[in-house]
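Start counting the sequence shown at 276; every next residue gets the next number (our numbering). By construction, the Cβ of each residue, glycine as well, lies at the ideal position given by its N, Cα and C atoms. Working notes, structure below.
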Amino acid sequence: MAAVPAAPAPGVRVLYIDDDPGLCRLVQRQLGRLGYGVDIATSGPDGLARIALGEVDVVALDHYMPGQDGLQTLAAIRALAAPPPVVYVTGTQESRVAVAALKAGAADYVVKEVHGDFIELLSSAIDGALEQVKMRRAHEQAEAEIRAARDRFEALAAERALLLREMNHRVGNSLQIIMSLLHLQAGATENAEVQDALSNARGRVAAVAQVHRRLYTSDQVTTVAVDQYLGALLEDLQISAQHGEVGIDLSLAIDPLEIDPDRAVALGVIVTELVINASKYAYPGGKGPVHVALETRGEQIALWVEDAGVGLPPGGIALSTGLGNRIVRAMAAKLGAVLEFPERPKGTSVRVTFPAQATPAFGL
Ligand SMILES: Nc1ncnc2c1ncn2[C@@H]1O[C@H](COP(=O)(O)OP(=O)(O)OP(=O)(O)O)[C@@H](O)[C@H]1O
Ligand SMILES: [Mg+2]
Numbered sequence: 276m277a278a279v280p281a282a283p284a285p286g287v288r289v290l291y292i293d294d295d296p297g298l299c300r301l302v303q304r305q306l307g308r309l310g311y312g313v314d315i316a317t318s319g320p321d322g323l324a325r326i327a328l329g330e331v332d333v334v335a336l337d338h339y340m341p342g343q344d345g346l347q348t349l350a351a352i353r354a355l356a357a358p359p360p361v362v363y364v365t366g367t368q369e370s371r372v373a374v375a376a377l378k379a380g381a382a383d384y385v386v387k388e389v390h391g392d393f394i395e396l397l398s399s400a401i402d403g404a405l406e407q408v409k410m411r412r413a414h415e416q417a418e419a420e421i422r423a424a425r426d427r428f429e430a431l432a433a434e435r436a437l438l439l440r441e442m443n444h445r446v447g448n449s450l451q452i453i454m455s456l457l458h459l460q461a462g463a464t465e466n467a468e469v470q471d472a473l474s475n476a477r478g479r480v481a482a483v484a485q486v487h488r489r490l491y492t493s494d495q496v497t498t499v500a501v502d503q504y505l506g507a508l509l510e511d512l513q514i515s516a517q518h519g520e521v522g523i524d525l526s527l528a529i530d531p532l533e534i535d536p537d538r539a540v541a542l543g544v545i546v547t548e549l550v551i552n553a554s555k556y557a558y559p560g561g562k563g564p565v566h567v568a569l570e571t572r573g574e575q576i577a578l579w580v581e582d583a584g585v586g587l588p589p590g591g592i593a594l595s596t597g598l599g600n601r602i603v604r605a606m607a608a609k610l611g612a613v614l615e616f617p618e619r620p621k622g623t624s625v626r627v628t629f630p631a632q633a634t635p636a637f638g639l
């Protein structure tokens, strides 16, 4: 004995379309007993008119009908804006018709055997079709939620980038003001030593300011293009050196490379110190070439600053009590860098080698 179908969800409205009024009434009565609300239509156009009135949850549609047959009616239903699911009813075991109906968008099909368990099969096909609709809606809702979450995330990320850029702009402006103040203060004294100290301080602030400038003028808000950064920094240094007593004849060879802002600041400060030193000491009373290079070598990044001047004093820079030396060493330690002074036939060479990837504990 076939299992008794479970009762449908309350209020489910079925439209049964069949040109046989006797069968229509039979289906209406028997499905009604199972708990479905059933409307009937005896032709395709009548069925479509009933659907247009609304509140049809599912349609059971007969294949053989004079005039507009089941497949034509199915096509018309599927063309509606929000079509109800359709269970296709064929009068034969002909699988060709069933396949055509499924291809045309029917949710399921049932073979009409009035003396068999047609009503039972029909009711379970109706339940299946309604379940499909429920699942599709749940799926669409989940997708819509994912889309909305993604849109929200993208909007937040864009806002965050904008805020970061704005913040870097402000920090950059503030540092620019500090640099101007240091410049004014240097101009207010006759003492060359004080002027020198203030101009060095200005150079150090410039290395930090330039990182912020790069962060708000590029598309990247979390990394700095080292070649552009050092290029701009050294151009500034060259311009400010032209106003001072010493000049520099700078050449650069910097590999394009992105690094995080903190390490860019450390690198910029080191380059500033070494270039200022070369401009101050390498060519007493004149100027000569100073070369800055940065190269990626596998896992390492190597930076050099070289000149062809008088060379370091005996004992090298290690004996120096200058602030520059201390700053360079502190920044090199932040980068996890090795600091070397390779021998040169003439002049000074300083090499700084550090890992391309920041160590997790890095922070200024
Ligand atoms: N490229 C160079 N050529 C020749 N001598 C150099 C060069 N770089 C540094 N020196 C020498 O090393 C010394 C130490 O440099 P360091 O940068 O530590 O201090 P400083 O430049 O004297 O002071 P500060 O950096 O605080 O202005 C310098 O005084 C200078 O004698
Ligand atoms: Mg120095």
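Best match in the options for proximity to residue i [C-alpha to C-alpha]
i: aspartate 524; options: Leu508, Ser554, Asp535; result: Ser554
i: proline 559; options: Ala541, Glu618, Gly622; result: Gly622
i: valine 567; options: Pro620, Glu574, Leu549, Asp344; result: Leu549
i: arginine 325; options: Arg479, Gly506, Leu290; result: Leu290
i: glycine 506; options: Val496, Arg488, Thr497; result: Arg488
i: isoleucine 529; options: Glu395, Pro536, Ala577; result: Ala577
i: valine 540; options: Glu581, Thr498, Gln513; result: Thr498
i: leucine 439; options: Gln470, Val546, Asp471, Tyr491; result: Tyr491
i: isoleucine 534; options: Leu397, Ser455, Leu610, Val302; result: Leu610
i: serine 399; options: Ala350, Val333, Gly345, Arg572; result: Val333
i: lysine 561; options: Glu574, Glu570, Val585; result: Going by the sequence as given, residue 561 is glycine instead of lysine. Nearest option by C-alpha distance: Val585.
i: proline 620; options: His444, Leu587, Tyr556; result: Leu587
i: arginine 477; options: Ser370, Val496, Leu508, Val386; result: Leu508
i: valine 446; options: Leu473, Glu415, Ala482; result: Ala482
i: glutamine 460; options: Ile452, Gln470, Gln451; result: Gln470
i: leucine 512; options: Asn475, Val331, Met442; result: Asn475
i: leucine 614; options: Glu574, Val546, Ala557, Pro341; result: Val546
i: aspartate 314; options: Gly286, Ala605, Leu457; result: Gly286
Any non-hydrogen atom of ligand 1 closer than 8 Å to residue i Cβ
i: proline 588; result: yes
i: serine 455; result: no
i: isoleucine 514; result: no
i: glycine 573; result: no
i: aspartate 471; result: yes
i: aspartate 582; result: yes
i: lysine 621; result: no
i: isoleucine 602; result: yes
i: serine 595; result: yes
i: lysine 609; result: no
i: asparagine 466; result: no
i: valine 480; result: no
i: valine 247; result: In the structure as shown, the chain starts at 276 and stops at 639, and residue 247 therefore has no counterpart that could be examined.
i: valine 567; result: no
i: alanine 461; result: no
i: valine 585; result: yes
i: asparagine 448; result: no
i: lysine 555; result: yes
i: asparagine 443; result: no
Local conformation of residue i per DSSP, three classes
i: proline 320; result: helix
i: tyrosine 558; result: coil
i: proline 564; result: strand
i: arginine 626; result: strand
i: leucine 587; result: coil
i: serine 595; result: coil
i: valine 287; result: coil
i: isoleucine 602; result: helix
i: leucine 309; result: coil
i: alanine 500; result: strand
i: leucine 532; result: coil
i: glycine 638; result: Only weak support exists for where glycine 638 lies, its pLDDT of 48 falling under 50; the coordinates are left without a value.
i: glutamate 330; result: coil
i: glutamate 618; result: coil
i: aspartate 293; result: coil
i: alanine 335; result: strand
i: alanine 631; result: coil
is_contact[residue i, chain C] using C-beta, thresh 9 Å
i: arginine 304; result: Absent here is chain C; the protein component of the structure consists of one chain.
Run of the alpha helix (DSSP H) containing residue i, from where it starts to where it stops
i: phenylalanine 393; result: 393-462
i: threonine 348; result: 345-353
i: leucine 578; result: Careful: leucine 578 lies outside any alpha helix (DSSP H), inside the beta strand (DSSP E) at 575-582.
i: alanine 612; result: First-last for alanine 612: undefined, no H or E at that position.
i: aspartate 383; result: Premise fails: aspartate 383 lies in the beta strand (DSSP E), 383-386, not in any alpha helix (DSSP H).
i: alanine 472; result: 467-492
i: arginine 371; result: 370-378
Delimiting residues of the beta strand (DSSP E) encompassing residue i
i: threonine 365; result: 361-365
i: serine 526; result: 524-529
Quiz item: Which residues have a Cβ closer than 6 Å to any heavy atom of ligand 2, listed in chain order?
Solution: Glu548, Ile551, Asn552, Gly597, Gly599
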